[in-house]
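Report on the following structure.
Numbering (our numbering), first residue to last: 2 to 352.
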């Protein structure tokens, strides 16, 4: 399995927005890969990754028919995927949301019927992510961007205030709403489009029509955006009009990819704009607290990778030499590393 990707380590939010593949684009990618093997497309606010079971050249040719292909490449991406599911590649080490995002991306591709050759790998990676969170403390402390965003909003509004949330219906947006609702003194308004306010926060959140967002902005003290829309949600010019007529200090937190808030908003008097990449410093502070747990998590990832490779080696042995002898089957359970070496040697001798 290989991977083409772009993430926050090597690209700014503006650059990553070029690769924020929409649902329609992902569907086109799945259709393109159908004839050449499996494909899973993962898109979050911090990364876009395309996993595939063919050569890089073949994958890039397919992607270019529907979208811009990411420039970075992993040859043999299993280790990266396992580390990603474990939360080791996230801005916030151990964040809970990435595991669900990996699972959702896999389920979307599986529903499209294009995970041939990738099923065992993704299922093992998801199991690895669960095991890491069970056996370590990597998910302790504030361990998601949604938590940090809510904390930042509450800090800005120490005396309370009105908060607008646009894009609170997906899993990530629902997490933002839930975290905001845990802070006292915040009056939360959530924009409705095709979906209503999530059941988990209905008692704490007041719905409003998305089309009325600028009218609600007049009395808002903070705005949090998490949509998957390719369009600008808060335009610089219209936001400036509201700010001039109804001046007050306003915080805008933009967690969307591509961004929801016009960058010009951050230049307006009284307006502070925080984007997804601005949480990097807060993330480093969080990660420093988890140094020991991160080390433990890496060891667990290695265990799960070894188990995956042993399973793959057993299948190769079966195809070339038949059923595993009892001695090899026992060795696989007791010492996967020795099993791998033994299988490689026996297959090599047969060839």
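Ideal Cβ positions, reconstructed from N, Cα and C, are used throughout, including at glycine.
For this session: Starting from the C-beta of residue 283, find all residues in its chain whose C-beta is less than 6 Å away, skip the five residues before and the five after it, and write them out in chain order.
Result: 149.
Exercise. Alpha carbon to alpha carbon, how far is residue 101 from residue 246?
Worked result: Near 42 Å, if we compare the C-alpha coordinates of residue 246 and residue 101.
Exercise. Grouping DSSP H, G and I as helix and E and B as strand, with all else coil, what is residue 48?
Worked result: If DSSP states are grouped into helix, strand and coil, residue 48 belongs with the strands.
Problem set entry | Residue environment, residue 175, which counts as buried when at least 16 other CB atoms sit within 10 Å | Residue 175 sits buried, since 16 or more C-beta atoms from the chains shown fall within 10 Å of its C-beta.
Exercise. Can you tell which of 92, 330, 128 and 114 has the C-alpha that lies nearest to the C-alpha of residue 27?
Worked result: Among 92, 330, 128 and 114, the Cα nearest to that of residue 27 belongs to 114.
Exercise. According to DSSP, is residue 22 helix, strand or coil?
Worked result: Here residue 22 sits in coil by DSSP.
Exercise. When burial is assigned at 16 or more other CB atoms within 10 Å of the CB, is residue 270 buried or exposed?
Worked result: Counting Cβ neighbours within 10 Å, residue 270 comes out exposed, since fewer than 16 surround it.
Problem set entry | Length at least 3, wholly inside the stretch 69 to 136: the beta strand (DSSP E) runs in chain order | The qualifying runs are 73 to 75.
For this session: Work out the CA separation of residue 216 and residue 188 for me, nearest whole Å.
Result: If you take the alpha carbons of residue 188 and residue 216, they lie about 16 Å apart.
Exercise. Can you pull the DSSP bridge partners for residue 189?
Worked result: In DSSP, residue 189 forms a bridge with 164 and 206.
Exercise. Within the chosen definition, does the stretch 76 to 93 reach the stretch 61 to 68 through at least 3 CB pairs nearer than 8 Å?
Worked result: Judged by Cβ distances under 8 Å, the stretch 76 to 93 makes no contact with the stretch 61 to 68, as fewer than three pairs qualify.
Exercise. By DSSP, does residue 280 sit in helix, in strand, or in coil?
Worked result: When secondary structure is reduced to three states using DSSP, residue 280 falls in the helix class.
Exercise. Cα separation between residue 350 and residue 321?
Worked result: At residue 350, the pLDDT of 48 sits below 50, so the modelled position is not reliable and the matter cannot be decided from this model.
Problem set entry | Where the alpha helix (DSSP H) through residue 300 begins and ends | Residue 300: member of the alpha helix (DSSP H) spanning 292 to 322, first to last residue.
Exercise. For residue 234 versus residue 167, is the C-beta distance shorter than 9 Å?
Worked result: Contact flag set, yes.
Exercise. Can you name the start and end residues of the alpha helix (DSSP H) that residue 59 belongs to?
Worked result: 57 to 64 is the extent of the alpha helix (DSSP H) around residue 59.
Exercise. Where do the ends of the alpha helix (DSSP H) carrying residue 238 lie?
Worked result: Here the alpha helix (DSSP H) through residue 238 covers 237 to 246.
Exercise. Could you give the distance in angstroms between the alpha-carbon of residue 10 and the alpha-carbon of residue 326?
Worked result: Looking at the two C-alpha atoms, the distance is approximately 46 Å.
Problem set entry | residue 251: first and last residue of the uninterrupted beta strand (DSSP E) it sits in | 251 to 255 is the extent of the beta strand (DSSP E) around residue 251.
Exercise. Does the ligand HEM have a heavy atom nearer than 8 Å to the CB of residue 12?
Worked result: In terms of ligand content, the structure shown is empty, and the ligand HEM therefore cannot be addressed.
Problem set entry | Separation of residue 259 from residue 293, as counted between CA atoms | The straight-line gap from Cα to Cα measures roughly 34 Å.
Problem set entry | Three-state secondary structure (DSSP) of residue 2 | Residue state, collapsed to three classes: coil.
Exercise. Would the beta-carbon of residue 33 fall within 9 Å of that of residue 118?
Worked result: Result no, Cβ atoms of residue 33 and residue 118 do not sit closer than 9 Å.
Exercise. Taking Cβ to Cβ, would you say residue 256 is nearer than 9 Å to residue 147?
Worked result: Yes, they are a contact pair.
Exercise. With respect to the beta strand (DSSP E) encompassing residue 223, which residues constitute its N-terminal and C-terminal limits?
Worked result: For residue 223, the enclosing beta strand (DSSP E) begins and ends at 223 to 226.
Exercise. Using the C-alpha atoms, what's the distance from residue 224 back to residue 182?
Worked result: Our two residues, residue 182 and residue 224, have alpha carbons roughly 14 Å apart in a direct line.
Problem set entry | Reduced DSSP secondary structure (H/G/I, E/B, other) of residue 268 | Of the three classes helix, strand and coil, the one that applies to residue 268 here is helix, per DSSP.
Problem set entry | Which listed residue (19, 47 and 2) has its alpha carbon closest to that of residue 278 | Among 19, 47 and 2, the Cα nearest to that of residue 278 is on 47.
Problem set entry | Same chain, Cβ closer than 6 Å to residue 43, five either side skipped, listed in chain order | Only 50 and 106 meet the Cβ criterion.
Exercise. Residue 215 lies in the alpha helix (DSSP H); which residues open and close that run?
Worked result: 214 to 218 is the span of the alpha helix (DSSP H), which, as asked, contains residue 215.
Exercise. Between the C-alpha atoms of residue 72 and residue 5, what's the straight-line distance to the nearest angstrom?
Worked result: In a straight line, the C-alpha of residue 72 is about 7 Å away from that of residue 5.
Exercise. When DSSP labels each residue in this structure, what does residue 199 get in the three-state scheme?
Worked result: Confidence in residue 199 is poor, its pLDDT being 49 and thus under 50, which makes the residue's placement too unreliable to answer from.
Problem set entry | residue 299 versus residue 85 - alpha carbon distance | For residue 299 and residue 85, the distance between alpha carbons rounds to 11 Å.
Exercise. Can you name, in chain order, every residue of its own chain whose Cβ lies under 8 Å from the Cβ of residue 200, other than the five neighbours on each side?
Worked result: The predicted model places residue 200 with a pLDDT of 49, which falls under 50 and marks its position as unreliable; any figure quoted below should be read in that light. Here the set comprises nothing.
Problem set entry | Bounding residues of the alpha helix (DSSP H) (the contiguous stretch that carries residue 327) | Its alpha helix (DSSP H) spans residues 327 to 335.
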